[in-house]
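Heads up, the thing below is written out as structure tokens.
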Amino acid sequence: MTSRSYDESCALAHGLDVVGDRWALLVIRELMFGPRRFTDIQARLSGASSSVLTDRLQQLVAAGVADRRRLPAPAASWVYDLTEWGRELRPAMLALAAWGRRSPGRNGSLTTTPAAIAMAILLHFDPARADGLDAEVDLDLDGDRFRASVHDRALEITGPRDSAAAATVRADASSMKALIGPRRPGSARGWAAVGVELEGDRALAVRLLGTLTA
Numbered sequence: 001m002t003s004r005s006y007d008e009s010c011a012l013a014h015g016l017d018v019v020g021d022r023w024a025l026l027v028i029r030e031l032m033f034g035p036r037r038f039t040d041i042q043a044r045l046s047g048a049s050s051s052v053l054t055d056r057l058q059q060l061v062a063a064g065v066a067d068r069r070r071l072p073a074p075a076a077s078w079v080y081d082l083t084e085w086g087r088e089l090r091p092a093m094l095a096l097a098a099w100g101r102r103s104p105g106r107n108g109s110l111t112t113t114p115a116a117i118a119m120a121i122l123l124h125f126d127p128a129r130a131d132g133l134d135a136e137v138d139l140d141l142d143g144d145r146f147r148a149s150v151h152d153r154a155l156e157i158t159g160p161r162d163s164a165a166a167a168t169v170r171a172d173a174s175s176m177k178a179l180i181g182p183r184r185p186g187s188a189r190g191w192a193a194v195g196v197e198l199e200g201d202r203a204l205a206v207r208l209l210g211t212l213t214a
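Printed below as a string of structure tokens:
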């Protein structure tokens with residue numbers, strides 16, 4: 001929780017006590033799709049110092065929004081992950097992102113992270129374009145892996161799965177914004193022209209990317 005409280009019984013005020021500090025919501029964004037090591041979070045939020053990130057993570061753990069645990073062998077590394085209560089923030093964060101997306105002052109040319117692109121893909125998804133689509137596609141965004149699943153005209157994005165997907169969409173830091181950009185290629189060659197590589201069932205990947213609006 002923040003070191004300074006609003007001292008109100010209002011649930012909104014208390015929510016801000018819990019996640020209202022600078023960087024807190026961005027830390028949660030980075031954890032939204034699965035567990036991350038401290039170094040993973042630090043690499044994506046380079047504008048925050050180590051001490052600030054440590055403080056925010058400790059606050060989120062103390063508040064019950066996140067937890068810290070050790071992965072089983074052979075990884076055996078310590079990671080942070082959202083608790084069940086923490087994951088309930090996803091709809092609120094998506095709503096806030098959708099609101100911020102419409103701001104006249106937003107600068108879309110600034111840096112972003114793979115988790116932010118994954119969140120944006122959820123916002124750009126159009127269920128009307130997914131009629132009859134049943135797909136499992138891996139997303140490799142600047143080295144971070146996600147699984148995009150479309151079933152019954154609904155899109156879900158999670159962390160990586162052990163099983164292989166039918167297709168992979170691969171984009172680096174310089175090209176991943178193209179996934180949500182105004183140009184909507186209709187072929188694997190068109191996507192390659194904007195720096196996005198499609199592997200495996202490329203037609204399926206093109207179809208999934210076609211569900212996104214500009």
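Every letter in the sequence shown is one number past the one before it in full-length UniProt numbering, and letter 51, counting from 1, is 51. Beta carbons are placed, not taken as given, at the ideal position from N, Cα and C, and that holds for glycine. Owing to the predicted nature of the structure, the values given are computational and were not obtained by experimental measurement.
Would residue i and residue j be called neighbours here (beta carbons separated by less than 8 Å)?
{"i": "Asp142", "j": "Met93", "result": "no"}
{"i": "Ala24", "j": "Arg56", "result": "yes"}
{"i": "Gly64", "j": "Thr83", "result": "yes"}
{"i": "Gly178", "j": "Val150", "result": "For the sequence presented, residue 178 should be read as Ala rather than Gly. Not in contact: Ala178 and Val150 (Cβ atoms no closer than 8 Å)."}
{"i": "Arg153", "j": "Pro127", "result": "yes"}
Which class does residue i belong to by DSSP, given the choice of helix, strand or coil?
{"i": "Arg22", "result": "coil"}
{"i": "Ser109", "result": "coil"}
{"i": "Glu30", "result": "helix"}
{"i": "Val202", "result": "The sequence shown places Arg at residue 202, not Val. Helix at Arg202."}
{"i": "Thr39", "result": "helix"}
{"i": "Ser149", "result": "strand"}
{"i": "Val194", "result": "coil"}
{"i": "Ala66", "result": "strand"}
{"i": "Val133", "result": "Correcting the residue identity first, residue 133 is Leu in this sequence and not Val. Coil at Leu133, not helix or strand."}
{"i": "Arg102", "result": "coil"}
{"i": "Arg189", "result": "helix"}
{"i": "Leu45", "result": "coil"}
{"i": "Ala166", "result": "coil"}
{"i": "Asp138", "result": "strand"}
{"i": "Ala116", "result": "helix"}
{"i": "Asp81", "result": "strand"}
{"i": "Asp172", "result": "coil"}
Thinking residue i and residue j are a contact (beta carbons under 8 Å), I'd like their distance in whole angstroms, please.
{"i": "Leu208", "j": "Val137", "result": "5 Å"}
{"i": "Ala166", "j": "Asp201", "result": "4 Å"}
{"i": "Val146", "j": "Gly159", "result": "Sequence inspection shows Phe at residue 146; the Val mentioned does not correspond to that position. Between Gly159 and Phe146 the Cβ distance is about 6 Å, and since that is below 8 Å, they are a contact."}
{"i": "Phe38", "j": "Tyr80", "result": "7 Å"}
{"i": "Ala62", "j": "Gly86", "result": "Contact flag wrong, Cβ pair sits at about 12 Å."}
{"i": "Ile28", "j": "Val19", "result": "7 Å"}
{"i": "Val206", "j": "Ala188", "result": "6 Å"}
So, at 6 Å on beta carbons, what are the nonlocal neighbours of residue i in its own chain, with the 5 sequence-adjacent residues on each side left out?
{"i": "Ile180", "result": "Ala120 and His124"}
{"i": "Ala135", "result": "Val150, Leu204 and Leu208"}
For residue i, which residues in the same chain have their Cβ closer than 7 Å to its Cβ, ignoring the five residues on either side in sequence?
{"i": "Met183", "result": "One point to set straight first is that residue 183 is Arg, not Met, in the sequence displayed. These residues qualify, in order along the chain: Val194."}
{"i": "Arg129", "result": "Gly210 and Thr211"}
Keeping to the same chain, check which residues put their C-beta closer than 8 Å to that of residue i; ignore five residues upstream and five downstream.
{"i": "Gln58", "result": "none"}
{"i": "Arg90", "result": "Met32"}
**Asked** Is the number of C-beta pairs between the stretch 47–63 and the stretch 167–175 that are closer than 8 Å three or more?
**Response** no
**Message:** Across the stretch 25–45 and the stretch 113–129, are there enough close Cβ pairs to call them in contact, namely three or more that are closer than 8 Å?
**Reply:** yes
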